[in-house]
Amino acid sequence: MCSFFPRDRVCFRRMSRRNVSLFLAYPEGDGREIEHQLKVNQLVDLNGKPLSLPLPTSRMIVYRVWKISTRQERYAEETTYHLELVTRPELEGIREERD
Numbered sequence: 014m015c016s017f018f019p020r021d022r023v024c025f026r027r028m029s030r031r032n033v034s035l036f037l038a039y040p041e042g043d044g045r046e047i048e049h050q051l052k053v054n055q056l057v058d059l060n061g062k063p064l065s066l067p068l069p070t071s072r073m074i075v076y077r078v079w080k081i082s083t084r085q086e087r088y089a090e091e092t093t094y095h096l097e098l099v100t101r102p103e104l105e106g107i108r109e110e111r112d
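Written out as structure tokens, the structure is:
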């Protein structure tokens with residue numbers, strides 16, 4: 014019962030916690046849920062885990078986060094990280110810059 018409302022009114026408690034969901038959107042149209050946040054231009058592996066530079070080899074599948082979109086509803090927030098495939102020449106260029 015709320016002490017600041019008359020007894021004939023209903024007391025609504027404000028929900029302080031939001032349900033946040035994070036998703037990856039692959040260029041092929043597939044998607045998957047992840048448990049960690051990413052940043053724009055961050056390099057990630059096939060599973061969406063961030064990669065640290067320098068990369069061990071240029072012969073790996075690497076994606077770059079190119080866009081982040083957020084959809085908010087009353088008590089839910091959905092963040093989607095849109096990925097683009099990084100080409101092999103780009104990976105070789107990244108490796109050369111770091112060496």
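Quick note: the sequence shown uses my numbering, first residue 14, plus one each step.
Heads up, the beta-carbon is just placed ideally off N, CA and C, and yes, glycines get one too.
Computed from a prediction, not measured in an experiment: that's the story for all the values here.
Query raised in the report: How about the stretch 63 to 71 and the stretch 81 to 98: do they share at least three Cβ pairs that are nearer than 8 Å?
Result: With a cut-off of 8 Å on Cβ pairs, the stretch 63 to 71 is not in contact with the stretch 81 to 98, counting fewer than three such pairs.
Query - Reference I5, options R101, L59, K52, closest by Cα - result: Any question about residue 5 goes unanswered here, given that the chain covers just 14 to 112.
Query raised in the report: Shortest alpha-carbon distance to E105 belongs to which of L68, Y76, E46, R84?
Result: Numbered from 1 along the sequence shown, position 92 holds the residue referred to as residue 105. Residue L68 is the option with its Cα nearest to E105.
Query raised in the report: Count the other CB atoms within 10 Å of the CB of L98; is the residue buried (16 or more) or exposed (fewer)?
Result: In the sequence shown, the residue the question calls residue 98 occupies position 85. By the 10 Å Cβ count, L98 comes out exposed.
Query raised in the report: Smallest Cα separation from Y127: which of S71, R30, Y76?
Result: Lying outside 14 to 112, the shown extent of the chain, residue 127 is not represented and no answer is given.
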